[in-house]
Structure formats: structure tokens, C-alpha cells
Amino acid sequence: MKKKSMFNKDIMKDSLVQSLKKLTPRVQIKNPVMFVVYLGAILTSVLFILSLFGISDAQSGYTLAITVVLWLTVLFANFAEALAEGRGRAQAESLRSSRKDVMARKLKTADANADYIEVRASELKKDDIFLVKAGEQIPMDGEVIIGAASVDESAITGESAPVIRESGGDRSAVTGGTSLASDWLVVRVTAEAGETFLDKMIAMVEGASRKKTPNEVALQILLVTLTIIFLAITITLFPFSGFAAAQSGQGEAVSITNLVALLVCLAPTTIGALLSCIGIAGMSRLNQANVLAMSGRAIEAAGDVDVLLLDKTGTITLGNRQASEFLPVKGVSEEELADAAQLASLADETPEGRSIVILAKEKFNIRGRDMEKLNADFVGFTAKTRMSGINYNNNVIRKGAADAIKEYVMVKGYPYPDECEKIVENVANQGGTPLVVAKNGQVLGVVHLKDIIKNGVKERFDDLRKMGIKTIMITGDNPMTAAAIAAEAGVDDFLAEATPETKLDLIKDYQSKGYLVAMTGDGTNDAPALAQADVAVAMNTGTQAAKEAGNMVDLDSSPTKLIEVVQIGKQLLMTRGSLTTFSIANDVAKYFAIIPVLFFAIYPQLSALNFMGLTSGTSAMLSAIIYNALIIVALIPLALRGVKYQEQPAGKLLRRNMLVYGLGGLIAPFIAIKLIDMLLTICGLV
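Heads up: the sequence shown runs through residues 1 to 686, numbered per full-length UniProt numbering.
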């Protein structure tokens, strides 16, 4: 999905319009803290109008200034939320433009040559079968049941390279709105109109289906509680100040305008204004990583994950075993073994076969074969023989699994050397795959195929370990091979010879101990474990069952994306925690800056606490309320971008946040309020 600039001109313009549209009680009441500010702005507006007709004793100019700042505070909060939603709306419009109600060939039977009728895509029902050909748009989500073809998914993923979709495997799901780049497919519909994957994407990226997460709800309850406490305090100040003024014979009761302004300053309006923005921005960052979250709860859970289950192939290793060395038996040179292995691999189009050819070239410069002179007859690999090779000029070369070659040479009446047994065992113990090579019945040696660990993976696991996250490698390899790869990759643990049942049992075991577990998957056999995991990232190329079982879908189908998802989740929690700390620290600072000055006239002795040297109670209150509005605007970029992600334990992050955002939140108001007070005094506004 295309990334929009944080302050794109069109998005900014739309956000300003949306800020005004959100000024309705129905929208405002959804944010209780800002609803208090909204009511305060209405009250001071009424007081200002009454003062113009002499009905109220309120100072017209001062009340107008407070009213304007209160309305700006509400608008700034609306703008923060609208700006976060704006990027989602832009992404949604881009997705909508890619979707068309095309005509579909609805087949009567599951046969590419069967009769068909043409219907609109919107008329297709679940379990209907349709035919789609090269150059046409796929009309509806479905599962390929016949055929194999290249599919252009750039409308959704932004990736221009076509991907293969075929029947009978884990890459059988197709998405409505994508296009067929080649060949044809027969597809069974898996979604009803209006409930397709593209519909879900549009709903999620524009925030229409975003629900508040449990942590967000809990924090909002805390903020509402604090607001109610400050409301009670503010209400009691009115009769108290009147009584105190009567007793002391000087000063007067605190005005209603000042009480409203005081309540807004003391209530946690900063985090109240930015809370929704932080949540929407977190989901937007995930969308920009080409991951679609089915709920905000999934993103939040990603930030709290303790255990990561990672597939070995494609995540930890490159997925293709590579030839790393030639290991000849006694009496055979390494070059002789390399020459025979290369000859046997010339027609082998597998990544392993190509790597043998390349290794022989690089080590011994063996190249330039004249295939016509060799009069070669290549023997392909089969599951039955588990060997491949070449017959040429009365020579016979075979390469394959150790037990298959052993049986082959012994049937031919040749010995199988014990030395080869030891080499094979040693390669297996290192986590490699041994391929034995034999020429004319004589065993020449072993080619060591090695799982190549991806660059930087070990360092990423170290970072996750610092954060207290345990990594577990999932593989179908035997325990010995799995242990060797796990040690090289630097994972904390591994599950060898993994089956759907063992994956599910492992997840349940960790969850029973109080851990949150995350995993990825793409096949139908992964669906039970994905459904059980707290964070389940399904590959977009995977089966419909896997996508329905997961609570996130990776549009790029990259198994390593799980690590990035966890980082985005943690960044969301860090941002929310940091700005909450800053907001509460702000409120504490404003309390000590305003209250003493507010009661100067009644208690002159409080002037000793005016260490900031504020001009008067009026200037102090106006300066504080202006700062309260401006700080929301100042923090919008941080709320949208998120605080800088760091791989640190939770305790260390908490101490850092307390120092940076807690201390910063205490100091910033004193400095800003003093500067605003000086500016207002110089301009003669107070």
C-alpha cells in the first residue's frame, strides 16, 4: 500500500475540514476527556455573550480569549485524530480505485471447458466457480482449484513482480481486484460480496472498523477518573474562594471562566487529545509495512509478545540448501569428486543442483563442457530412486541421498566404504544435508549441502533477547540437524520434526505459563496453531484457511515480517506510555504553576510561591491555557511517527521514559508558561 507523507497537502486540507465536522456532540462524547473541554468551551461562549449584554460580571475580553483557546484545544484534538485517519482514507481511496465490478465467467461445473454464463462480480456467491484468463481482473476472492498462473497483485501489495498461484498447494488463494498476468485459473469463491479481503482492507485502513483495545479502554477509564477528581476539586474551589474572600476581607471568588480554564489545564487533556491518534497511527504504520491487522487488539498483543515461533525455512535460512564443500573418500581427489558432482548436476534445475555446478566452477574452474562430445543422457531425480545423474561415454554417475546411493552401489556389487558413512554422519551432525556421489559403482565422496543462515538474523535475535522475547525455531528436520542450525542462528530453542499437533501443543504450553505467543503460517495445516496464537500472521499467498485463522495478513508473504510486526506493536505501546507520562507530569507542573497565583488576591502570602514571577492570576491562567492547547499541536508529529524504537528490557525502557518524558513533562510547562506570560505582558494583553 502506497505510503503517504505525514503532512501531505491534500491530507492536511482534508483533516482541517474533518476537524470542523467532528465538532458535534455525537462525535465529541466518544472522547470523555475532550468532551469536558468541549462543554467548557460552550459554557465560556455563553458567558461571553451574556457579558456583552451586561447580564454577566465576566470580563468580556478575558472570557473571549479563554473561549477562543478552549475551542482551539478541541479543534487541535480533532485535527490530530483526523490527520491520523487521513492517511488511512487516502490508502482506502487508492484501494477502491483498483476495484471494479467486472464481468465474470461463472462455470456450471469445475471444468475449464465447461459451459459458463457471464455475471457481474458482485453477483457471485460463496462456492460459485469462475474462470479467469490472462489480462483479466480476478472478480472475487477464491481458492484455485484448477490451473497455475502468474498473478499481478501490485494493486494491493505495491509489488510489481507477479506471483505464482496454483491449485493443490499452500499458494492457492487469490484476491479479488488483482489481475491475471498469464495463463488461466479456475477458482472457487470463498467470500460473499462486501466481505472480500479488499473490503476488509478498506475498512481497516480507513479506521471504520477500528475498535479500542483493552489497554486503550483501561487508560481512558484512568483519564476519565482523573478528570472527575479534578472536576470535583474545581467545583469546590468556587464556594471555598468566596468564603475565603469574605473572611479575609480582600479579593473575590474565583470566576467561573477561571474555574473552567483551571479544570481544562489540570485534566489530562494532552493524552486525551492524542490517545485515538496514537492508536490509528500505529495501525497505519502496520499498513505501511504491508500487514493488515484484523483488530487493534492484535497490534497491542504484538507489543506484549514474550515468545516468537519462527519457521526455519525462509525465515531463519534462505530456504535453499547450498553446496558448501566437497568431501572425498580416501584415494579420490577433491577435484575429481567436484568434476563428477558437477556433471551429474548440469541438468539439475533445483537450487541445490545449480549450487553444486557453481561451487565446482569457483573452486576448480571447471567450465566449458562440450555436451555433444559427451553424448550425455541425463537421469532426473524421482521420489522413488531419490537419485539423479548422467550417463555418458560408457560412464555412469549418480548423486543422491546416502542410503539410496548405498543401496545402488551394493546392488551393483561394489563396496560402500565405512569412511563415507562417517563423512555422512559428520555432515548430518553439523546440520547439513549429505549428497553421496558414485561413478561407475565407486563411491567418490560427499557433497555437503548447507542451510544458509540469512544475514543479520542472529543480530536480530540478540536484539529480541535484550527485550526479553524468547525465539523458537520450528522445523521438520531431525533433532540433530535442527540443533546445529539453531545454534548457528542464535535462537533460544527449537522444535524439531514439527507437526500441526506439536505446534499447537507448544503454543498451549507457553500460554498456560502466562506467555503471549506469536507465529506465522501459510498452509491449511498451520491453521490450528494460528488460531491458538495470540498474534498470528498469515501469509497472503497462503490458503484461505490460514488467512481466516490468523489475526494479521502479511501482503508481502515474508516470514521475517513477524519480527517487524512485534517492533511496531512495541513502538505503539512505548508511544502511548511515553505521552501518558508526559501528560500527567504536565498536569502536576501546571497545578503548582497556577494555583498559588490564582489565590494571590485572597492570600497575599502565596506570592512567596510565585517563583516564576508571573504577572498576575489572569496572565498565569491565560498563559497556562494557551500552553495546554499548543502542546497538543507540538506532540502530533510524535504521536503519528511514534517514539524511537529501542531493543531494551521493559524495566530499562520505563526508567528512560520516566527520565525523558516524566522529567520533560515537569519542566516544559514552567518554561513555556513563563515565556507566554512575558509575551502577553509585553504586548499589553494582560
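Cβ coordinates follow ideal geometry from the N, Cα and C atoms, glycine included.
Between residue 84 and the set 240, 287 and 228, the nearest pair of CA atoms involves 287. Residue 459 sits exposed, since fewer than 16 C-beta atoms from the chains shown fall within 10 Å of its C-beta. A buried status is given to residue 137, since no fewer than 16 other beta-carbon atoms sit within 10 Å of its beta-carbon. In the DSSP assignment, residue 442 is bridged to 439.
Counting only residues of its own chain and dropping the five nearest sequence neighbours on each side, residue 677 has a CB closer than 7 angstroms to the CB of 614, 615, 619, 620 and 623. In its chain, beyond the 5 residues on either side, 122 have a beta carbon closer than 6 angstroms to the beta carbon of residue 193.
Per DSSP, reduced to three states, the secondary structure at residue 498 is coil, with no helix or strand assignment. Rounded to whole angstroms, the gap between the alpha carbons of residue 247 and residue 237 is 15 angstroms.
The distance from the Cβ of residue 289 to that of residue 564 is about 6 angstroms, consistent with a contact at the 8 angstroms cut-off.
For residue 612, no beta strand (DSSP E) segment is defined, and its DSSP state is neither H nor E. In this structure, residue 542 sits away from residue 569, with a CB-CB distance that is not shorter than 8 angstroms. Annotated three-state conformation of residue 669 is helix, per DSSP.
Annotation for residue 479: 496 place their beta carbon closer than 6 angstroms to its own, counting only its chain and skipping 5 residues before and after. DSSP lists 537 as the beta-bridge partner residues of residue 520. Of the other Cβ atoms in all chains shown, fewer than 16 fall within 10 Å of the Cβ of residue 134; this residue is therefore exposed. Non-local C-beta neighbours of residue 32 in its own chain, meaning closer than 6 angstroms and more than five positions away in sequence, comprise 224, ordered along the chain. Per DSSP, the beta-bridge partners of residue 143 are 173 and 188. Beyond the five residues adjoining it in sequence on each side, residue 390 comes within less than 6 angstroms, by CB distance, of 343, 344, 376, 378 and 397 in the same chain, given in chain order.
Annotated three-state conformation of residue 627 is helix, per DSSP.
Here residue 445 is buried. Its C-beta has 16 or more other C-beta atoms within 10 Å.
With a threshold of 16 other beta carbon atoms within 10 Å, residue 394 falls short and is exposed. Per DSSP, residue 377 lies in no alpha helix (DSSP H); the unbroken beta strand (DSSP E) holding it starts and ends at 377–379. Looking at the DSSP output, residue 179 sits in a beta bridge with 137 and 152.
Contact between the region 27–44 and the region 266–274 is present: three or more C-beta pairs spanning the two stretches fall below 8 angstroms. Of all alpha-carbon atoms in 380, 505 and 513, the one lying nearest the alpha-carbon of residue 526 is that of 505.
For residue 215, same chain residues with a beta-carbon under 8 angstroms away, outside a window of 5 residues either side, are 300, 573 and 576 in chain order.
Looking at the DSSP output, residue 400 sits in a beta bridge with 387 and 436. DSSP places residue 367 in the coil class of the three-state scheme, outside both helix and strand. Scanning its chain for C-beta atoms nearer than 7 angstroms, with the 5 sequence neighbours on each side dropped, one finds around residue 15 the residues 79, 82, 83 and 86, in chain order. With the rule of 3 Cβ pairs closer than 8 angstroms, the region 537–556 counts as touching the region 172–181. Annotation for residue 117: the continuous beta strand (DSSP E) segment containing it runs 116–120.
The beta carbons of residue 666 and residue 585 sit closer together than 8 angstroms. Going by DSSP, residue 42 is part of no beta strand (DSSP E) but of the alpha helix (DSSP H) stretching over 32–52. Going by C-alpha positions, residue 359 is about 10 angstroms away from residue 353.
Secondary structure at residue 326: strand, using DSSP grouped into helix, strand and coil. Going by C-alpha positions, residue 291 is about 12 angstroms away from residue 547.
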